[in-house]
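Worksheet: the structure to be examined is printed underneath.
Numbering (my numbering), first residue to last: 47 to 203.
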């Protein structure tokens, strides 16, 4: 009777051990499969005067689809904001490419939109996008609308 009890407990321990092992293998394979493949990416830099709400991890888009992420944001000695972008290496950026900070909707998530130019010279891995458009600040836009309305009202009188 004692021998049967030991066998049942050993089988139970083996079953639990196998179950935990299978669970760990599944979790680890999921982690490695979803991890960003850095071998198929390129790094480019874009400098802005104002990024207003842009943050590390935000998307980089081209033609409306996500082609990468922002990996670092810092400021240089000239108070320019340096953004480091990790993009898919199959996206060929030419020297006329423009990087614009856009907002998804009125108060949505910010991202960098890449507009490919027409130059035949390409930006290499680690290179810089020379043409950038800063983030549009809602307060500045509202102030511009109010000023234009008041100017229009003065001209009408």
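Idealized CB from N, CA, C, for every residue including glycine.
Can you confirm whether the stretch 162 to 181 touches the stretch 129 to 147 when touching is taken to mean that 3 or more C-beta pairs between the two stretches lie within less than 8 Å?
yes
Where does residue 164 fall in DSSP's three states?
Start at 1 with the first residue of the chain shown, and residue 164 comes out as number 118. Coil.
To the nearest angstrom, report how far apart residue 74 and residue 150 are at their CA atoms.
As a position in the chain shown, residue 74 is number 28, starting the count at 1. As a position in the chain shown, residue 150 is number 104, starting the count at 1. Each residue's Cα considered, the two are about 34 Å apart.
Nearest-angstrom Cα separation, counted from residue 68 out to residue 62
The residue you call residue 62 lines up with position 16 of the chain shown. The residue you call residue 68 lines up with position 22 of the chain shown. Their Cα atoms are separated by approximately 10 Å.
Excluding sequence positions up to five away, which residues of its chain have a Cβ less than 7 Å from the Cβ of residue 133?
Translated into the one-based positions of the chain shown, residue 133 becomes position 87. Cβ within range, chain order: 87, 88, 90, 106, 113 and 114.
Taking a contact to mean a Cβ-Cβ separation below 8 Å, would you say residue 169 touches residue 131 in this structure?
In the chain shown, residue 169 corresponds to position 123, counting from 1. In the chain shown, residue 131 corresponds to position 85, counting from 1. Not in contact: residue 169 and residue 131 (Cβ atoms no closer than 8 Å).
What do you reckon, are the CB atoms on residue 171 and residue 127 nearer than 8 Å?
If you number the chain shown from 1, residue 171 lands on position 125. If you number the chain shown from 1, residue 127 lands on position 81. No, these two residues do not count as a Cβ contact at 8 Å.
Considering only residues of the same chain and omitting the five flanking positions on each side of residue 141, which have a CB-CB separation below 8 Å?
Taking the chain shown and counting its residues from 1, the one referred to as residue 141 is at position 95. Closer than 8 Å at the Cβ level, and outside the excluded window around residue 141, lie 163, 165, 167, 168, 169 and 176.
Looking only at its chain, what residues have a beta carbon closer than 6 Å to the beta carbon of residue 20, apart from the 5 residues adjacent to it on each side?
With the chain represented from 47 up to 203, any question about residue 20 goes unanswered, as that position is not in the structure.
Kindly indicate which residue of 70, 117, 187 and 111 has the alpha-carbon position closest to the one of residue 100.
One-based indexing of the chain shown puts residue 100 at position 54. When each option's Cα is compared against that of residue 100, the closest is 117.
Beta carbon of residue 108 nearer than 8 Å to that of residue 64:
Here residue 108 corresponds to residue number 62 of the chain shown, with the count starting at 1. Here residue 64 corresponds to residue number 18 of the chain shown, with the count starting at 1. Cβ atoms of residue 108 and residue 64: not closer than 8 Å.
So what does DSSP say about residue 76, is it helix, strand or coil?
Residue numbering aside, residue 76 sits at position 30 when the chain shown is read from its first letter. DSSP places residue 76 in helix when its eight states are reduced to three.
How is residue 188 classed by DSSP in three states: helix, strand or coil?
Stepping through the chain shown from its first residue, residue 188 is reached at position 142. It is helical.
If I follow the unbroken beta strand (DSSP E) through residue 179, where does it start and stop?
Here residue 179 is taken as the residue at index 133 of the chain shown, counted from 1. Run containing residue 179: 177 to 179, per the beta strand (DSSP E) assignment.
Could you tell me the boundaries of the beta strand (DSSP E) in which residue 89 lies?
Numbered from 1 along the chain shown, position 43 holds the residue referred to as residue 89. Counting along the chain, the beta strand (DSSP E) containing residue 89 begins and ends at 87 to 94.
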